[in-house]
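K.L.:
So that we are looking at the same thing, I have put the structure below in structure tokens.
Protein chains: 2
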Amino acid sequence: MLSLAEENYLKSIYHLSDAGEKAVLTNELAEALNTKAASVTDMVKKLSTKEFISYEKYYGVKITNKGKSVALAVIRKHRLWETFLVQTLGFKWDEVHEVAEQLEHIKSTLLIEKIDEFLGYPQVDPHGDPIPNAQGKIKKLEKTALKNLATGSESTIVAVKDSDSNLLKYLEKIGAKPGKKLTVISKEEYDGSLQVAIESQHYFISKEVSENILVTL
Amino acid sequence: MLSLAEENYLKSIYHLSDAGEKAVLTNELAEALNTKAASVTDMVKKLSTKEFISYEKYYGVKITNKGKSVALAVIRKHRLWETFLVQTLGFKWDEVHEVAEQLEHIKSTLLIEKIDEFLGYPQVDPHGDPIPNAQGKIKKLEKTALKNLATGSESTIVAVKDSDSNLLKYLEKIGAKPGKKLTVISKEEYDGSLQVAIESQHYFISKEVSENILVTL
DNA sequence: CTACAAATTTAGACTCACCTAAAAAAATGT
DNA sequence: ACATTTTTTTAGGTGAGTCTAAATTTGTAG
């Protein structure tokens, strides 16, 4: 059974390596985990002998498939808990991270499968990040800012980048929640604002706001 | 901030001392916490200097008010999580303990208050144990086995003692769930069986079953 | 190519929570 | 009352995960 620290290292390595694409350096990891390089070296040796990563002195670490599957399980739990906190308990999505960091380490496959079921098998968390399935498969979706869309294009809201609570309230009011469909009616060249339709209601959206809404086609 | 181990010690001390009534001995604690007496002595010294308990060599420990409030906060979380697991996620109440042992250590007052609200401020957990409020006050209720009731008395089901899944299924079928009202219609002296009404339906209940249903007047 | 800077590793130490074995105190039986 | 048993404490040690300071390796600029 992996310790809390080991799980956190693997999660960070997974993220910093872009899902295992590139190697991760000691200092990057130390920074991400709020610890010192010397501590990272120690832990990295341990994870290496356990074959969750491969480690070459002075060249950084690469995550193995074994390591990836641990990382993805933790990420799955993190994102499901975040979704639960927001959808079920009414947390604002900028309040959930810290708690989810704790909940992601609860050991019980039954629990997380029940939460998944209870939430109706969501595909993305409240930040719009995809939730790995029980086998660790991620369905990755192309996210782009609303402002990049062409006139006439249809898309689905996936997340909001900023966590300003005025913005959140405004979006709440116009029904711009993750999952909602959205069509770009027109764009104003001179100020970057645009007109959109959400459930056949039309709204004007400023350039600033349109940069903070993430959508998928 | 208290460590996981410290919280577990305080919780055990609280329980073993009958809510702080009597002193707890080193060996009792070692047994309850699955550890060795020598380890208990160490920890008990630490908790004592932090004033969560008072400790007198060879005479055991007594929990202080400060210690009680920590213990009650942990117990509150444990019981709310158990209630959540059973009521919301459909766990059987004999499957929840291990997971709740982990969840009770999640640090977030907001989270536990939201869970409490979501559950509708339950008074007892699925085992019929009372849930302390946010201030640590426990409303204790007189529990007794159904078999002890006199003919004609009305009561509310509070919990089921046994965790036999056939029993649980049977009780499910006749609607004998915690919270349900129940009236004793008649008692048979020769075999201890009794007839009860649950929501104006009448059922025969054997002596064995009546020993496993806990009620409150 | 060499000297310096930056990144990384090693060495040694700390805290936490646990352990075993031995010593000490308290409880018990006759 | 005293010897034996039981309980508890002390002493010393372990592993996990962290730290600082020093040593080493790698990268870079002239």
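Taken in sequence, the protein lines are chains A and B. The first sequence: position 29 = 29 (this note's numbering), numbered continuously. The second sequence: position 38 = 38 (this note's numbering), numbered continuously. Yeah, the Cβ is synthetic: ideal placement off N, Cα and C, and Gly gets one too.
#1: Do the stretch 61-81 of chain A and the stretch 100-112 of chain A make contact, defined as three or more Cβ pairs closer than 8 Å?
#2: Ordered along the chain, which non-local residues of its own chain (more than five positions away) have a Cβ less than 6 Å from that of residue 138/A?
#3: Compute the Euclidean distance between the alpha carbons of residue 125/A and residue 214/A, then round it to the nearest angstrom.
#4: Going by other Cβ atoms of all chains shown within 10 Å of its Cβ, with 16 needed for buried, is residue 221/A buried or exposed?
#5: With 9 Å as the limit, tell me which residues of the stretch 85-119 of chain B have their beta carbon closer than that to any beta carbon of chain A; keep them in chain order.
#6: Just to confirm the assignment: which complete beta strand (DSSP E) runs, minimum length 3, are found wholly within the stretch 48-132 of chain A?
#7: Consult DSSP for residue 153/A and reduce its assignment to one of helix, strand or coil.
#8: Between the stretch 45-53 of chain A and the stretch 81-90 of chain A, can you find at least three pairs of beta-carbon atoms closer than 8 Å?
#9: Contact between the stretch 155-162 of chain A and the stretch 172-188 of chain A: three or more CB pairs below 8 Å?
#10: Considering Cα atoms alone, identify which of 164/B, 203/B, 147/B and 216/B is closest to residue 191/B.
#11: Can residue 216/B and residue 196/B be called in contact, C-beta distance under 8 Å?
#12: What are the start and end residues of the beta strand (DSSP E) that includes residue 181/A?
#13: From what residue to what residue does the beta strand (DSSP E) around residue 197/A run?
#14: Does DSSP put residue 13/B in a helix, a strand or coil?
#15: Can you list, in chain order, the residues of its chain whose CB lies under 8 Å from that of residue 119/A, leaving out five sequence neighbours each side?
#16: Please name the residue in 30/A, 201/A, 152/A and 153/A whose C-alpha comes closest to that of residue 175/A.
#17: Would the beta-carbon of residue 12/A fall within 8 Å of that of residue 63/A?
#18: From which residue to which residue does the alpha helix (DSSP H) around residue 190/B run?
#19: Looking only at its own chain, which residues have a Cβ that is under 8 Å from the Cβ of residue 53/B, when we skip the five neighbours before and after it?
#20: Checking 8 Å against the spacing of the C-beta atoms, do residue 206/A and residue 193/A come in under that value?
#21: What residue range does the beta strand (DSSP E) around residue 217/B cover?
#22: State yes or no: is the C-beta of residue 212/A within less than 8 Å of the C-beta of residue 168/A?
#23: Measuring alpha carbon to alpha carbon, tell me which residue in 70/B, 24/B and 94/B is nearest residue 257/B.
#24: Tell whether a beta-carbon distance below 8 Å holds between residue 69/B and residue 20/B.
#25: If we ignore side chains and look at the alpha-carbon of each, how far apart do residue 58/A and residue 1/A end up?
#26: Whole angstroms is fine: what's the gap from residue 145/A's alpha carbon to residue 111/A's?
#27: Using the Cα positions of residue 7/B and residue 33/B, report the straight-line distance between them to the nearest angstrom.
#28: Buried or exposed for residue 204/B, please, with buried defined as at least 16 other CB atoms from any protein chain shown within 10 angstroms of its CB.
#29: Using a Cβ-Cβ cut-off of 8 Å (strictly less than) and excluding sequence neighbours within five positions of residue 199/A, which residues of its own chain qualify?
#30: Please classify residue 30/B: does DSSP put it in a helix, a strand, or coil?
P.N.:
In terms of the structure at hand:
#1: yes
#2: 130 and 132
#3: 13 Å
#4: The structure shown has nothing for residue 221/A, since chain A only spans 1 to 217.
#5: 85, 88, 89, 90, 91, 95, 98, 99, 102, 103, 105, 106, 107, 108, 110, 111, 114, 115, 117 and 118
#6: 53-56 and 60-63
#7: coil
#8: no
#9: yes
#10: 147/B
#11: no
#12: 181-187
#13: 194-198
#14: helix
#15: 80, 83, 84, 87 and 88
#16: 201/A
#17: no
#18: Per DSSP, residue 190/B belongs to no alpha helix (DSSP H) and is neither H nor E.
#19: 10, 13, 44, 47, 61, 62, 63, 64 and 67
#20: yes
#21: That residue, residue 217/B, is in no beta strand (DSSP E); it is neither H nor E in DSSP.
#22: no
#23: Missing from the structure shown is residue 257/B; chain B here goes from 1 to 217 and no further.
#24: no
#25: 28 Å
#26: 34 Å
#27: 11 Å
#28: exposed
#29: 175, 180 and 181
#30: helix
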